[in-house]
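For reference, the structure is listed below as structure tokens.
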Amino acid sequence: MPLSLRKSWYLLLFLSISAAVLYGWPSDRTHTRKSEPDSLRYRVGEALFFDKRLSITNTKSCASCHNPELAFTDGYRKSPGVFADLHARNTPTLLNISRQNYLNWANPGITSLTDQMNGPLFGNKPIEMGLSQSDTALLAKLSRDPLYARYCASLPDSAGKRLTWDAVKSLLASYLLTLNSFSSPYDRYAAGHKDAISASARRGEQLFFSNSYGCAHCHRPPTFGADSTMPMQEQFANIGLYNHQNGNYPSDDQGLYDVTGNDTDKGRFKIPTLRNLRFTTPYFHDGSAADLNEALTLFQNGGRNITYGDWAGDGRKNPFKSPWIKPISMNSEDKQALIDFLQSLNDTITHSPKRIVLPHEEISGMF
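The sequence shown runs 133 to 499 under our numbering.
See below:
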């Protein structure tokens, strides 16, 4: 796409984003209500998100793995659950989740935000929060707390005036759907503030949107990742991370293949957003890239060649790799320009950490 046409296209998108920042993205979720930040539903959902009682050990909250200070990620390669079991995958950001219709790394069958919550709350592969859907005692305890009790009192008599697990998930969703992040230097630049990003970042922008680099084919504005405007098949990709014995990825996580059984889906995972990369290291579905330089080296080489170990193989030759993943001619200055552009997508305004006061305790710092 020519640069002038691309910039016009992005400006139109930006105008819609500006309105969205002011009034909230229209939700793609019809199963639950999105709440305004001053509403009771929002405040209850926010409190539940930081409430450590939503884990069997009372030691973890949703924010333990989705920390606002880290753009709602946790900094681990793979997150530990309440009993220190490691998750198979890296924690994705929750920012701009209202713009996504596939909600985890490799299961397009889960399109409901409340259904996605069943895994971390109640799942056992691995155990994350360790809760049971039959635990009515915890629900009764939560329902007695002042803030939660206010919400329960607002319910009709037919709802029993108490929390249920469906209500907990719906309230959490009401909070999560407000987590939009479109206040980066690049957003200001796209709105006409030409000094908002550096000359190097502007050079990186040109490379990012160029046909020779092809980054924007998968990482499209406004989210710079998979979003609800893209067909399903374009939201998942094999980027050549592994190639063990004819295209295999590690046996415990083959991506879409584990759901569909189709060989061509081996190694295909959801395309992540490139916003807020400063806060969301390490990268890729398994957290195997420690920094941007390492991640960009993979794309520069058209895949990753692992020369030793259990999963040795040349990902550059993976038979199921996306055709968009191919070697790129990139010198050190080009790579730095691209890094500067990607860093211009960091938003330090939308998700600034704040003190959260729960009905039964005060929480600050790490969660």
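Glycine included, C-beta positions come from ideal geometry on N, C-alpha and C.
In chain order, what residues of the same chain have a beta carbon less than 6 Å from the beta carbon of residue i, not counting five sequence neighbours either side?
{"i": "A333", "result": "D472, F473, S476"}
{"i": "W297", "result": "Q265"}
{"i": "S358", "result": "The residue asked about is misnamed: residue 358 is Ala in this sequence, not Ser. Excluding sequence neighbours, A358 sits near Q367, K402, I403."}
{"i": "L430", "result": "R436"}
{"i": "D385", "result": "A220"}
{"i": "E260", "result": "G213, P252"}
{"i": "D206", "result": "C197, N199, T223"}
{"i": "G387", "result": "A238, G399, R400, F401"}
{"i": "T355", "result": "N228, R231, T405"}
{"i": "K293", "result": "C284, L287"}
{"i": "A444", "result": "I438"}
{"i": "G379", "result": "K398, N450, P451, F452"}
{"i": "F204", "result": "H198, T225, L226, L227"}
On the three-state DSSP scale, how would you describe residue i?
{"i": "K293", "result": "coil"}
{"i": "D442", "result": "coil"}
{"i": "I229", "result": "helix"}
{"i": "W254", "result": "First, the amino acid is wrong: residue 254 is Phe here, not Trp. Correct three-state label for F254: helix."}
{"i": "H349", "result": "helix"}
{"i": "I259", "result": "strand"}
{"i": "A281", "result": "helix"}
{"i": "A220", "result": "coil"}
{"i": "G447", "result": "helix"}
{"i": "A238", "result": "coil"}
{"i": "F473", "result": "helix"}
{"i": "T162", "result": "Low confidence applies to T162: its pLDDT is 31, below 50, so where it sits in the model is not reliable, and the reading given next is rough at best. Coil, per DSSP."}
{"i": "A269", "result": "helix"}
{"i": "T480", "result": "coil"}
{"i": "L245", "result": "helix"}
By Cβ distance, which residues of its chain are closer than 7 Å to residue i, with the 5 residues on each side in sequence left out?
{"i": "I242", "result": "L235, N236, Q248"}
{"i": "L339", "result": "Y345, D466, A469, L470"}
{"i": "S286", "result": "L172"}
{"i": "A269", "result": "none"}
{"i": "P212", "result": "L218"}
{"i": "H351", "result": "G357, I403, L406"}
{"i": "P258", "result": "G213, D217, L218, H219"}
Rounded C-beta distance between residue i and residue j? I'm assuming under 8 Å.
{"i": "K453", "j": "N370", "result": "5 Å"}
{"i": "N228", "j": "S313", "result": "6 Å"}
{"i": "N501", "j": "N478", "result": "No answer is possible for residue 501: it lies beyond the span of the chain, which begins at 133 and ends at 499."}
{"i": "L274", "j": "L295", "result": "5 Å"}
{"i": "E178", "j": "Y280", "result": "Not confirmed; about 12 Å, so no contact."}
{"i": "L202", "j": "F411", "result": "5 Å"}
Can you list, in chain order, the residues of its chain with a C-beta nearer than 8 Å to that of residue i? Leave out the 5 residues immediately preceding and following it.
{"i": "T191", "result": "K184, V214"}
{"i": "K209", "result": "Just to set this straight, residue 209 is Arg in the shown sequence, not Lys. Only N222, P414, D418, G419, S420 meet the Cβ criterion."}
**Message:** Could you tell me which whole alpha helix (DSSP H) segments of length 4 or greater appear in the stretch 169–206?
**Reply:** 172–181, 194–197
**Message:** For a minimum of 4 consecutive residues, which ranges assigned as the alpha helix (DSSP H) are wholly contained in the stretch 392–443?
**Reply:** 424–433
**Message:** Between the stretch 419–433 and the stretch 383–397, can you find at least three pairs of beta-carbon atoms closer than 8 Å?
**Reply:** These segments do not touch.
**alpha helix (DSSP H) runs contained entirely in the stretch 300–352, provided each spans 4 or more residues** = 317–322, 331–340, 347–350
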